[in-house]
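Number of protein chains: 2
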Amino acid sequence: MSRVAVIGAGAVGCYYGARLAEAGHEVHFLMRRDFEAVRRDGLHILSKDGDVHLARPDVAREPSAIGPADWVLCALKATAVEEARALVAPCVGPSTRILVLMNGLGLEDRFAAWFGAERVFGGLAFTCINRGEPGVVHHIDYGPVTIGHLLDDPGEVDIALALWAGAKVETVRAPSLLAGRWTKLCWNIPFNGLAVTAGGITTDRVLADPALRASVTALILEVAAAGNADLAAHGGTARLDGEATARNMVAATEAMAAYRPSTMIDFVEGRPMEVAAIFEEPLRRASALGVATPLLSMLTGQMRSLDARARVS
Amino acid sequence: MSRVAVIGAGAVGCYYGARLAEAGHEVHFLMRRDFEAVRRDGLHILSKDGDVHLARPDVAREPSAIGPADWVLCALKATAVEEARALVAPCVGPSTRILVLMNGLGLEDRFAAWFGAERVFGGLAFTCINRGEPGVVHHIDYGPVTIGHLLDDPGEVDIALALWAGAKVETVRAPSLLAGRWTKLCWNIPFNGLAVTAGGITTDRVLADPALRASVTALILEVAAAGNADLAAHGGTARLDGEATARNMVAATEAMAAYRPSTMIDFVEGRPMEVAAIFEEPLRRASALGVATPLLSMLTGQMRSLDARARVS
Chain A
2 MSRVAVIGAG
12 AVGCYYGARL
22 AEAGHEVHFL
32 MRRDFEAVRR
42 DGLHILSKDG
52 DVHLARPDVA
62 REPSAIGPAD
72 WVLCALKATA
82 VEEARALVAP
92 CVGPSTRILV
102 LMNGLGLEDR
112 FAAWFGAERV
122 FGGLAFTCIN
132 RGEPGVVHHI
142 DYGPVTIGHL
152 LDDPGEVDIA
162 LALWAGAKVE
172 TVRAPSLLAG
182 RWTKLCWNIP
192 FNGLAVTAGG
202 ITTDRVLADP
212 ALRASVTALI
222 LEVAAAGNAD
232 LAAHGGTARL
242 DGEATARNMV
252 AATEAMAAYR
262 PSTMIDFVEG
272 RPMEVAAIFE
282 EPLRRASALG
292 VATPLLSMLT
302 GQMRSLDARA
312 RVS
Chain B
2 MSRVAVIGAG
12 AVGCYYGARL
22 AEAGHEVHFL
32 MRRDFEAVRR
42 DGLHILSKDG
52 DVHLARPDVA
62 REPSAIGPAD
72 WVLCALKATA
82 VEEARALVAP
92 CVGPSTRILV
102 LMNGLGLEDR
112 FAAWFGAERV
122 FGGLAFTCIN
132 RGEPGVVHHI
142 DYGPVTIGHL
152 LDDPGEVDIA
162 LALWAGAKVE
172 TVRAPSLLAG
182 RWTKLCWNIP
192 FNGLAVTAGG
202 ITTDRVLADP
212 ALRASVTALI
222 LEVAAAGNAD
232 LAAHGGTARL
242 DGEATARNMV
252 AATEAMAAYR
262 PSTMIDFVEG
272 RPMEVAAIFE
282 EPLRRASALG
292 VATPLLSMLT
302 GQMRSLDARA
312 RVS
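Residue numbers (my numbering), protein chains in the order written: chain A, 2 to 314; chain B, 2 to 314.
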């Protein structure tokens with residue numbers, strides 16, 4: 002059994018941390034908003050895969066109260082990446098591994114600069130999950146986590162997958178973490194972006210509008226092209242199939258209930274959005290590599306402007 | 002001197018109607034919101050080209066109180082096009098001419114179906130103009146009106162230009178009304194659309210964001226390509242130069258003060274937006290003609306969704 006520190010106990014951190022605790026791991030949650038509620042009533046996961054109730058989870062307000070762990074699951078919002086180093090560092094000892102369970106591109110590189118690349122992993126959660134009232138998380142649909150190692154070391158990925166072996170979480174090996182990140186962006190860029198810029202709508206309404214639906218596919222093709230250029234620039238052999246990715250993601254999203262992407266929830270609630278990691282960094286790489294991404298460019302400009310308004314008001 | 006009925010006395014109708022009254026024409030204004038204020042205090046135009054105060058303009062609540070005119074200036078919002086026939090008809094006699102001073106594509110065709118193509122003209126106001134308190138209009142910048150005849154009859158355009166000869170309004174002849182309409186869309190689609198979808202921002206802030214600025218040019222190129230296909234399909238010889246149009250419109254907009262496009266004002270005030278005439282009809286024609294307009298398509302989907310929300314709330 003491993004000692005696990007969950008840093009950033011939002012919906013994703015609580016859900017996956019609870020699944021590890023359910024499997025017998027010693028899980029510590031760093032909590033802010035929900036600290037009192039979870040101390041009082043425990044942590045409730047209402048899940049389509051079976052509910053979990055942790056009656057007395059170990060919760061801390063400060064990472065120093067957790068200390069070094071075997072695994073750090075960092076599930077902060079990408080908007081909080083500047084705070085991540087200080088929050089994660091107290092939990093990192095000589096043999097700690099770090100799973101970056103966040104949205105967006107380039108975040109693992111930050112962790113590598115701080116803590117060393119060999120211990121950094123990326124986790125890509127394809128899941129419909131939202132926070133409820135304090136201490137309650139709603140797991141609505143899907144749930145697999147794709148896991149890769151920043152240096153794509155297969156033995157290290159084996160170790161990461163072993164952590165989840167007894168947990169009620171489907172895991173998928175990412176032979177190329179970078180390819181996995183770009184694949185995830187193929188969903189987040191169109192669906193998070195259009196759900197916000199069309200006024201804060203659910204994914205089913207994005208797909209119901211013929212022009213927005215066509216834009217989903219066109220955006221995925223742009224993102225896949227940018228991703229393939231980025232993968233080639235990094236010397237890897239993995240490539241994305243844009244057409245197949247578009248077909249699969251539209252079909253998978255169509256099968257969801259009316260879903261509110263996390264960025265859309267941030268938007269309607271007036272919180273900062275993950276614009277830098279999900280939109281600006283992919284656009285920056287596409288531009289640097291000479292890949293034309295006019296739709297991504299427009300969407301990024303719209304998102305940046307909407308985010309600036311939210312930060313002002 | 003001509004008898005002129007201004008139907009739809011918003012900012013544009015009041016401004017251009019007042020300029021005709023100032024030149025000595027007999028101008029009647031159909032008014033709703035501002036009727037009482039204008040009866041009491043007159044109509045105030047605060048203009049960078051010199052203020053106008055009409056102390057006792059002829060205002061009516063019903064078009065039947067105006068009756069047949071030499072010219073109808075229809076300056077309704079495009080969202081009110083379904084009401085236009087009933088509002089204009091009482092002012093149309095055997096020799097009445099109609100100047101459609103509205104935004105968007107295809108509106109003159111509606112008037113032609115109702116009243117006959119030979120009497121229908123289009124006016125394209127390139128101006129920064131906003132309503133102030135009731136009875137007050139702020140004319141901020143620019144002001145020329147490009148005028149064309151629906152059948153592109155040069156003699157008819159002469160007659161239209163003659164109406165404005167003594168007025169303090171610069172007029173420009175449109176040898177092709179359709180080319181004029183598409184040229185106007187080259188401004189309205191990017192600037193109205195991005196000002197709205199980026200959260201209700203002014204044109205200077207659209208141009209200040211590098212991604213949105215690039216999107217302005219890319220959208221203009223799409224609109225010009227669609228316009229040229231539409232012009233070819235209509236058998237005309239006029240064509241738009243997309244690159245030059247983009248350069249000129251960006252430069253002209255850069256020279257404006259922080260400007261709030263009318264659609265952006267409608268958006269932030271929760272009113273219906275001119276989505277059908279400015280976005281959907283151009284996209285429909287582009288699609289029918291096989292012209293790829295991915296940015297226009299995404300923007301149209303976003304605008305349609307935002308507009309639906311405004312109509313619900």
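Where is the CB? At the ideal position from N, CA and C, for every residue including glycine. Everything numeric in this text was worked out from a predicted model, so none of it was measured.
Please state if the CB of Leu100 of chain B and the CB of Gly133 of chain B are separated by a distance shorter than 8 Å.
Within the second sequence, residue 133 of chain B is the residue found at index 132, counting from 1. Within the second sequence, residue 100 of chain B is the residue found at index 99, counting from 1. Cβ distance not < 8 Å, so Gly133 of chain B and Leu100 of chain B don't count as in contact.
For the segment 145-160 of chain A against the segment 218-226 of chain A, are there 3 or more C-beta pairs whose distance is under 8 Å?
The segment 145-160 of chain A makes no contact with the segment 218-226 of chain A; the number of CB pairs closer than 8 Å stays below 3.
Go through the segment 167-245 of chain B residue by residue and report every complete run of the beta strand (DSSP E) that reaches 3 residues or more, in order.
DSSP assignment within the segment 167-245 of chain B yields the following whole beta strand (DSSP E) runs of 3 residues or more, N-terminal first: 172-174.
Of the choices B:Pro135, B:Leu179 and B:His140, whose alpha-carbon is the least far from that of Asp153 of chain B?
Here residue 153 of chain B is taken as the residue at index 152 of the second sequence, counted from 1. Taking Asp153 of chain B as reference, the option from B:Pro135, B:Leu179 and B:His140 with the minimal CA-CA separation is B:Leu179.
In whole angstroms, what separates the C-alpha of Tyr260 of chain A from that of Ile190 of chain A?
As a working mapping, residue 260 of chain A is identified with position 259 in the first sequence. As a working mapping, residue 190 of chain A is identified with position 189 in the first sequence. The alpha-carbon atoms of Tyr260 of chain A and Ile190 of chain A are separated by roughly 15 Å.
Going along the chain, which residues of its own chain have a beta-carbon closer than 6 Å to the beta-carbon of Arg214 of chain A, five neighbours each way excluded?
Taking the first sequence and counting its residues from 1, one reaches residue 214 of chain A at position 213. Sequence-distant Cβ neighbours of Arg214 of chain A in its own chain, meaning closer than 6 Å and more than five residues away, are Leu208.
Contact check, Leu55 of chain A vs Ala22 of chain A, beta carbons under 8 Å:
Mapped onto the first sequence, residue 55 of chain A falls at position 54. Mapped onto the first sequence, residue 22 of chain A falls at position 21. Yes, the Cβ-Cβ distance between Leu55 of chain A and Ala22 of chain A is below 8 Å.
Would you kindly work out how many angstroms separate the C-alpha atoms of Glu371 of chain A and Pro91 of chain B, rounded to a whole number?
As shown, chain A starts at 2 and ends at 314. That puts residue 371 of chain A outside it, with no answer to give.
Can at least three beta-carbon pairs, one atom from the segment 278-286 of chain A and one from the segment 100-117 of chain A, be found at a separation below 8 Å?
The segment 100-117 of chain A and the segment 278-286 of chain A touch, with three or more beta-carbon pairs separated by less than 8 Å.
Which residues, in order along the segment 99-133 of chain A, keep a beta-carbon less than 9 Å from a beta-carbon of chain B?
Going along the segment 99-133 of chain A in chain order, one finds no residue with a Cβ nearer than 9 Å to chain B.
Pro155 of chain B: buried (16+ other C-beta within 10 angstroms of its C-beta) or exposed?
Residue mapping note: residue 155 of chain B aligns to position 154 of the second sequence, counting from 1. Exposed, because fewer than 16 other Cβ atoms sit within 10 Å of the Cβ of Pro155 of chain B.
Which of the three DSSP states is assigned to Trp115 of chain A in this structure?
Here residue 115 of chain A refers to the residue found at position 114 when the first sequence is read from its first residue. Here Trp115 of chain A sits in helix by DSSP.
If we define contact as Cβ-Cβ less than 8 Å, is Gly291 of chain A a contact residue for chain B?
Numbered from 1 along the first sequence, position 290 holds the residue referred to as residue 291 of chain A. Against chain B, the CB of Gly291 of chain A has no partner CB under 8 Å away; the residue lies outside that interface.
Tell me, please, which residues DSSP counts as bridged to Asn131 of chain B.
For the purposes of this step, residue 131 of chain B is identified with residue 130 of the second sequence, where counting begins at 1. Paired residue(s): B:His139.
If you draw a straight line from the alpha carbon of Trp115 of chain A to that of Trp72 of chain A, how long is it in whole angstroms?
Indexing the first sequence from 1 puts residue 115 of chain A at position 114. Indexing the first sequence from 1 puts residue 72 of chain A at position 71. The straight-line gap from Cα to Cα measures roughly 16 Å.
Suppose the cutoff is 6 Å on Cβ atoms and the five residues either side in sequence are ignored; what does the same chain contact list for Phe127 of chain A look like?
For this step, residue 127 of chain A is matched to residue 126 along the first sequence. The residues are Tyr143 and Pro145.
Taking Val5 of chain B as the reference, which of B:Arg40, B:Pro58 and B:Ala113 has the closest Cα?
The residue labelled residue 5 of chain B in the question sits at position 4 within the second sequence. Comparing alpha carbon positions, the residue from B:Arg40, B:Pro58 and B:Ala113 closest to Val5 of chain B is B:Pro58.
I need the boundaries of the alpha helix (DSSP H) containing Pro283 of chain A, first residue and last residue.
Position 282 of the first sequence, counted from the start, is the residue given in the question as residue 283 of chain A. Counting along the chain, the alpha helix (DSSP H) containing Pro283 of chain A begins and ends at Glu282 to Ala289.
On a CA-only basis, which of B:Ala253, B:Ala245, B:Leu296 and B:Glu255 is nearest Gly194 of chain B? Give me that one, please.
On the second sequence, residue 194 of chain B is found 193 positions in, with the first residue counted as 1. Taking only the C-alpha atoms, the option nearest Gly194 of chain B is B:Leu296.
Would you say Arg98 of chain A and Phe122 of chain A are within 8 Å of each other, going by their C-beta atoms?
Here residue 98 of chain A is taken as the residue at index 97 of the first sequence, counted from 1. Here residue 122 of chain A is taken as the residue at index 121 of the first sequence, counted from 1. In this structure, Arg98 of chain A places its C-beta atom within 8 Å of the C-beta atom of Phe122 of chain A.
For the segment 12-21 of chain B against the segment 248-264 of chain A, are there 3 or more C-beta pairs whose distance is under 8 Å?
No: the two stretches stay apart, fewer than three of their Cβ pairs being nearer than 8 Å.
In this structure, what does DSSP give as the bridge partners for Gly124 of chain B?
Counting from one through the second sequence, the residue named residue 124 of chain B turns up at place 123. Gly124 of chain B is bridged to B:Ile148.
Determine the contact status of Leu290 of chain B and Ala239 of chain B, defining contact as a CB-CB distance below 8 Å.
Within the second sequence, numbered from 1, the residue matching residue 290 of chain B stands at position 289. Within the second sequence, numbered from 1, the residue matching residue 239 of chain B stands at position 238. No, Cβ-Cβ distance for Leu290 of chain B and Ala239 of chain B is not below 8 Å.
CB Met32 of chain A to CB Val60 of chain A, shorter than 8 Å?
For this step, residue 32 of chain A is matched to residue 31 along the first sequence. For this step, residue 60 of chain A is matched to residue 59 along the first sequence. In this structure, Val60 of chain A lies closer than 8 Å to Met32 of chain A by Cβ.
Met2 of chain A: buried (16+ other C-beta within 10 angstroms of its C-beta) or exposed?
Along the first sequence, read from residue 1 onward, the residue named residue 2 of chain A stands at position 1. Exposed is the call here.
For Arg206 of chain B, which residues in chain A fall below 8 Å Cβ to Cβ?
The count along the second sequence starts at 1 and reaches residue 206 of chain B at position 205. Within chain A, the residues near Arg206 of chain B are Ser306.
Using the beta-carbon of each residue, which ones in chain A are nearer than 7 Å to Ile202 of chain B?
Here residue 202 of chain B corresponds to residue number 201 of the second sequence, with the count starting at 1. Within chain A, Ser306 have C-beta atoms less than 7 Å from the C-beta of Ile202 of chain B, given in sequence order.
Does any residue of chain A bring its CB to less than 8 Å from the CB of Leu1 of chain B?
Limits of chain B in this structure are 2 at one end and 314 at the other, which puts residue 1 of chain B out of reach.
With 16 other Cβ atoms within 10 Å as the buried cut-off, status of Glu84 of chain A
As a first step, residue 84 of chain A is located in the first sequence; it is residue number 83 there, counting from the start. Looking at its Cβ environment, which holds fewer than 16 other Cβ atoms inside 10 Å, Glu84 of chain A is exposed.
For a contact meaning CB atoms closer than 7 Å, what does Ala215 of chain A contact in chain B?
By one-based count along the first sequence, residue 215 of chain A stands at place 214. Under the 7 Å cutoff, chain B gives Ser298.
Just mark Gly25 of chain B as buried or exposed, buried being the case when its beta carbon has 16 or more other beta carbons within 10 Å.
To locate residue 25 of chain B, count along the second sequence from 1; it is residue 24. With fewer than 16 other Cβ atoms within 10 Å, it is exposed.
Is the distance from the Cβ of Ala196 of chain A to the Cβ of Thr301 of chain B below 8 Å?
Counted from its first residue, the first sequence places residue 196 of chain A at position 195. Counted from its first residue, the second sequence places residue 301 of chain B at position 300. Going by beta carbons, Ala196 of chain A and Thr301 of chain B fall outside the 8 Å limit.
Buried or exposed for Gly51 of chain A, going by 16 or more other Cβ atoms inside 10 Å?
Mapped onto the first sequence, residue 51 of chain A falls at position 50. Exposed.
Residues of chain B with CB under 8 Å from Asp210 of chain A, in chain order?
To locate residue 210 of chain A, count along the first sequence from 1; it is residue 209. Within chain B, the residues near Asp210 of chain A are Gly302, Arg305 and Ser306.
Contact list for Thr198 of chain A against chain B, beta-carbon separation under 7 Å
Translated into positions along the first sequence, residue 198 of chain A becomes position 197. Chain B residues near Thr198 of chain A: Thr198 and Gln303.
Work out the CA separation of Gly181 of chain B and Pro64 of chain B for me, nearest whole Å.
As a position in the second sequence, residue 64 of chain B is number 63, starting the count at 1. As a position in the second sequence, residue 181 of chain B is number 180, starting the count at 1. Cα to Cα, Pro64 of chain B sits roughly 29 Å from Gly181 of chain B.
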